[in-house]
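Reviewing the structure listed below.
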Ligand SMILES: Cc1cc2nc3c(=O)[nH]c(=O)nc-3n(C[C@H](O)[C@H](O)[C@H](O)COP(=O)(O)OP(=O)(O)OC[C@H]3O[C@@H](n4cnc5c(N)ncnc54)[C@H](O)[C@@H]3O)c2cc1C
């Protein structure tokens, strides 16, 4: 997008974030639900097709353009941030291995906002990766699936689950499948999970697959490519995006903390006059800027097709841990009142905690990074890891 059009778009985002998004956040917290009109409002403004290719109806922003907008969106309510982040990314895995017919049937309508697809990997009885257990057998032109998925965002509204499973009897990356499972597929039961600590209004689901029948035509890529779709189609750019969503929320917490430090007076002076508070603010600002620059660096690497998984993991790791440090200090600056509902910082603190889980925990990001570093020094890290792990059973890397 040229710079004039991009500046206009950035202004529209700023106006939205400072206007309707504030009122929507209050409504979500009060009612505990994200109204379908909010989804439509985001769609109508074009905010859910920022990154997708023009040929499919998107705006085709580069990552370097998209990330600063995502930062602004991420100062909003966590559930609105989640919609913007997921919908601007989930077309990637759906498209990454799709054939021409699947592009027409699933990807273009997804970009146009005609249906919702959600990423469906995590299971109650397995690590989030190559030990997934949801398993299918093939019967003619159908797969018959058994297993469970949980913690699945938008399970209440999704039309299709981009669900990762495996062929019965396979292990590790072998035999993995990426399937588009319709919410009305026979044998699929969707149970909504209890409300979460933060992200009020976002529905998460527990999926039960009992002899669930899915046409083989709804498989993306080949048998055995399921986890390629999951990891490289989605998780690398998406982890980078999560890093930037952490920057946006942390910046909002910092702004609120600065405002509070200037106005709250104790023992005759504003908090901002105290050296301790100034030190915290300096640490917070440095933390936020370091994370921002790391994400922008990784974004440029993505645009130049040089991004490797450890770059995305570093952005996600640093961003999500930075967000915890910054929101914790911001709450401390607010004092006890900040712990009570009605203060934005209380909601931010709850919303922020989710980001340490989304798209892989810090521990998994560290594993990705460490294995890549070790591999650079001899190329045997993964082989060594495999020797100590049960053969063929690897976590999310
Ligand atoms: C708000 C929210 C939304 C989510 N949305 C989705 C979604 O839409 N789709 C989806 O598929 N998933 C989703 N998830 C799931 C999320 O990806 C997982 O919670 C995350 O990957 C961690 O997996 P787990 O919960 O199974 O934890 P576990 O795997 O049980 O891990 C528990 C702890 O052990 C650590 N651990 C586990 N394995 C290792 C290891 N090998 N080495 C070192 N430490 C390890 C973890 O880091 C963690 O601290 C969501 C989660 C949340 C909180």
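Residue numbers (my numbering): 1 to 397. For every residue, glycine included, the Cβ atom is placed at its ideal position computed from N, Cα and C.
Burial state of residue i, where buried means 16 or more other Cβ atoms lie within 10 Å
i, result
"residue 102", "buried"
"residue 345", "buried"
"residue 184", "exposed"
"residue 71", "buried"
"residue 115", "exposed"
"residue 322", "buried"
"residue 8", "exposed"
"residue 214", "buried"
"residue 196", "buried"
"residue 251", "buried"
"residue 54", "exposed"
"residue 357", "exposed"
"residue 233", "buried"
"residue 3", "exposed"
"residue 18", "exposed"
"residue 339", "exposed"
"residue 267", "exposed"
"residue 94", "buried"
"residue 265", "exposed"
"residue 108", "buried"
"residue 407", "Because the chain here runs from 1 to 397, residue 407 falls outside it and cannot be looked at."
"residue 76", "buried"
As assigned by DSSP and simplified to three states, the class of residue i
i, result
"residue 13", "helix"
"residue 343", "coil"
"residue 162", "strand"
"residue 263", "helix"
"residue 92", "helix"
"residue 153", "strand"
"residue 199", "coil"
"residue 135", "strand"
"residue 67", "helix"
"residue 147", "strand"
"residue 109", "helix"
"residue 319", "helix"
"residue 394", "Summary for residue 394: the model assigns pLDDT 40, below 50, so the residue's position carries little reliability; its value from the coordinates is reported in the next sentence. Three-state result, residue 394: coil."
"residue 23", "helix"
"residue 224", "coil"
"residue 190", "strand"
"residue 142", "strand"
"residue 58", "coil"
"residue 357", "coil"
"residue 119", "strand"
"residue 185", "coil"
"residue 85", "helix"
"residue 278", "helix"
"residue 376", "helix"
"residue 53", "coil"
"residue 29", "helix"
"residue 177", "strand"
"residue 204", "strand"
"residue 310", "helix"
Assumed close pair residue i, residue j - CB separation to whole angstroms, cut-off 8 Å
i, j, result
"residue 329", "residue 280", "5 Å"
"residue 87", "residue 146", "Incorrect: roughly 30 Å between the Cβ atoms, too far for contact."
"residue 351", "residue 78", "3 Å"
"residue 178", "residue 188", "That pair is no contact at about 16 Å."
"residue 142", "residue 216", "6 Å"
"residue 132", "residue 154", "That belief does not hold up - the Cβ atoms of residue 132 and residue 154 are roughly 20 Å apart, past 8 Å."
"residue 128", "residue 360", "7 Å"
"residue 67", "residue 91", "Their Cβ separation, rounded to whole angstroms, is 17 Å, which puts residue 67 and residue 91 out of contact at 8 Å."
"residue 253", "residue 348", "5 Å"
Residue j beta carbon less than 8 Å from that of residue i
i, j, result
"residue 368", "residue 309", "yes"
"residue 56", "residue 83", "no"
"residue 168", "residue 135", "yes"
"residue 236", "residue 62", "no"
"residue 130", "residue 227", "yes"
"residue 199", "residue 243", "no"
"residue 192", "residue 159", "no"
"residue 205", "residue 152", "yes"
"residue 315", "residue 239", "yes"
"residue 285", "residue 278", "no"
"residue 122", "residue 149", "yes"
"residue 245", "residue 43", "no"
"residue 300", "residue 12", "no"
"residue 74", "residue 256", "no"
"residue 366", "residue 317", "yes"
"residue 207", "residue 120", "yes"
"residue 211", "residue 144", "yes"
Heavy atom of ligand 2 within 7 Å of residue i beta-carbon
i, result
"residue 360", "You won't find ligand 2 in this model; what it holds is ligand 1."
Proximity test, Cβ basis, 8 Å: residue i and chain D
i, result
"residue 199", "Note that chain D does not occur in the displayed structure, where there is just one protein chain."
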